[in-house]
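*Asks:* What follows is a single structure, and I will ask about it in a moment.
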Amino acid sequence: MMSNKIVDGKPLVWIGVFAHPDDETTSSSGTMMKWVKKNNEAYIITGTRGEEGTLGTGDLKIKREDLGKVREEELRHNLDLYGVNPPYIFNYRDQDLDKEIPETLAKKILTILKETTPDVIITFGPTGISNHPDHIAIHKSALIAYKYYKSETDRNPLLIYPAIAEERAKDYGLELSEDEKRLDIVVDIEDTFETKIQGLKNYKSQEDAQQLAKRFTEHNFIYESFSISPINELDENSTKLINYLTSL
Ligand SMILES: [Zn+2]
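What follows is the structure, given as C-alpha cells:
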C-alpha cells in the first residue's frame, strides 16, 4: 500500500530540490506558500550557497568570500517568511555541482527524501530552465534519488518541474525541453504574489532576483506552472495530488 494518501488528513510534504538560494523563490514560492497555508509542510534542498553570484545590488557591496554566508542568510530569511522549514544546504561550491559524481549527489538527496517523506518533489527539468550546469546536475541527481526512493520505500511521490509557456520562454530567450514547456499544473498565486516579489527583492545580493521582481511585477505574473515529469508512474493518489495543486 502506498502510504502518501491525500485523503488521510495528515499534512502533505513538499520538497524543492534546487542548486542555489533563490531558485526556489523564482520557480515556485507562490505555490509553496499556498501549500503551507493549508497546514502542509515544505522543505528546500539547495546544493550550493551560490558563492559565484553577483556581489550586491544598489548600495550593497559584498566581498566574494562573504557571499555564500550572505546568500544563505537571504535564503533562511525568505523560507521563514514563507512558512517553510529551514533549508538543507549541501556544501558544494557554486558551479561545482556538475563536478560531483551524480550518484554521490543523489545519495545525499535520497537521505533527505527519506527523512522528509515528500508527497510532491519539485526539481529543475532537463535544461534547468537557464542551462546552468548546476541546475542540470541537480536535475540529474534528483531523478536518480527519486528512483532509489521509490524502490527502497513504498511511496510514490509526484515529481514535477517548473514549466514556462513556449511563447514566454521565447521572450526570455530560453531554449527549454518539451518537458519544461508543458503546463500540466497551473497555480493561481494571486494571494501570495506580493510575498513572492518581496522574497525576490530580499535577495539583495542578486541582480537577477531584482530584475525578476521587476519583470514579474510589470507583467503581473500571478501564475506558476509546472509539468509532470515523465518519470512518474501516476496512480490514483497522483491524480489527487495534481488536482489538489491545481486547486490550491
Ligand atoms: Zn540557480
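The sequence shown runs 550 to 797 under my numbering.
C-beta: ideal position from N, C-alpha, C; glycine also.
1) Could you give the first and the last residue of the continuous alpha helix (DSSP H) run that contains Val619?
2) So which residues touch the region around ligand 1, with touch meaning a C-beta under 5 Å from any heavy atom?
3) What are the complete alpha helix (DSSP H) segments, minimum 4 residues, inside the stretch 766-797?
4) Would Ile709 pass as a contact of Ile777 if the rule is Cβ separation under 8 Å?
5) By Cβ distance, which residues of its chain are closer than 6 Å to Asp647, with the 5 residues on each side in sequence left out?
6) Classify Thr672 as helix, strand or coil using the three-state DSSP reduction.
7) Please state whether DSSP places Pro560 in a helix, a strand or coil.
8) Does any heavy atom of ligand 2 sit closer than 7 Å to the C-beta of Thr653?
9) If contacts are defined as beta-carbon pairs under 8 Å, then Thr665 and His688 qualify, I think. What distance do you get, rounded to the angstrom?
10) With H, G and I counted as helix, E and B as strand and the rest as coil, what does DSSP make of Thr606?
11) In its own chain, which residues sit with a C-beta less than 6 Å from the C-beta of Leu797, not counting the 5 before and 5 after it?
12) Span of the beta strand (DSSP E) holding Leu708?
13) Quick check: what's the CA-CA separation for Asn769 versus Leu659?
14) Could you tell me the alpha carbon to alpha carbon distance between Ser552 and Asp703, rounded to whole angstroms?
15) Expressed to the nearest angstrom, what Euclidean distance is found between the alpha-carbon atoms of Ser726 and Pro779?
16) What does the Cβ neighbour count give for Thr788, buried or exposed, with the cut at 16 atoms within 10 Å?
17) Judging by CA-CA distance, which residue of Thr766, Leu749, Ala568, Asp608 is the nearest neighbour of Glu649?
18) For Thr744 versus Tyr592, is the C-beta distance shorter than 8 Å?
19) Which residues mark the beginning and the end of the alpha helix (DSSP H) in which Ala686 is found?
20) I think Ile678 touches Leu723, with their Cβ atoms under 8 Å apart; what is that distance to the nearest whole Å?
21) Starting from Glu590 and walking both ways along the beta strand (DSSP E), at which residues does that stretch end?
22) So what does DSSP say about Asp737, is it helix, strand or coil?
23) Thinking C-beta only, is Ala718 closer than 8 Å to Asp571?
24) Assuming Lys753 contacts Glu623 under a Cβ cut-off of 8 Å, what Cβ separation, rounded to an integer in Å, is found between them?
*Replies:* Considering the structure as presented:
1) Per DSSP, Val619 belongs to the alpha helix (DSSP H) from 613-631.
2) Checking every Cβ against the heavy atoms of ligand 1 under 5 Å gives Ala568, His569, Asp572.
3) Correct list: 785-795.
4) Yes, Cβ-Cβ distance for Ile709 and Ile777 is below 8 Å.
5) Closer than 6 Å at Cβ, skipping near neighbours: Pro682, Ala686.
6) Reduced to three states, the DSSP call for Thr672 is strand.
7) Correct three-state label for Pro560: coil.
8) Absent from the structure shown: ligand 2. Ligands present: ligand 1.
9) With 8 Å as the limit, Thr665 and His688 do not qualify as a contact, their Cβ atoms being about 19 Å apart.
10) Thr606: coil per DSSP, three-state reduction.
11) Excluding sequence positions up to five before and after Leu797, its CB lies within less than 6 Å of the CB of Lys583, Val736, all in the same chain and listed in chain order.
12) Where Leu708 is concerned, the enclosing beta strand (DSSP E) stretches over 707-711.
13) Between the C-alpha atoms of Asn769 and Leu659 there is a straight-line separation of about 36 Å.
14) The pLDDT assigned to Ser552 is 43, lower than 50, so where the model puts this residue is not dependable; a value taken from the coordinates is nonetheless given after this. The C-alpha of Ser552 lies about 7 Å from the C-alpha of Asp703.
15) When rounded, the distance between both Cα atoms is 12 Å.
16) Exposed.
17) With distances taken between Cα atoms, Glu649 lies closest to Ala568.
18) One thing to note: Thr744 has its Cβ no nearer than 8 Å to the Cβ of Tyr592.
19) Residues 682-701.
20) Contact between Ile678 and Leu723 holds: CB atoms are separated by about 6 Å, below the 8 Å threshold.
21) Residues 590-597.
22) Here Asp737 sits in strand by DSSP.
23) No. Outside cutoff.
24) That pair is a contact at about 7 Å.
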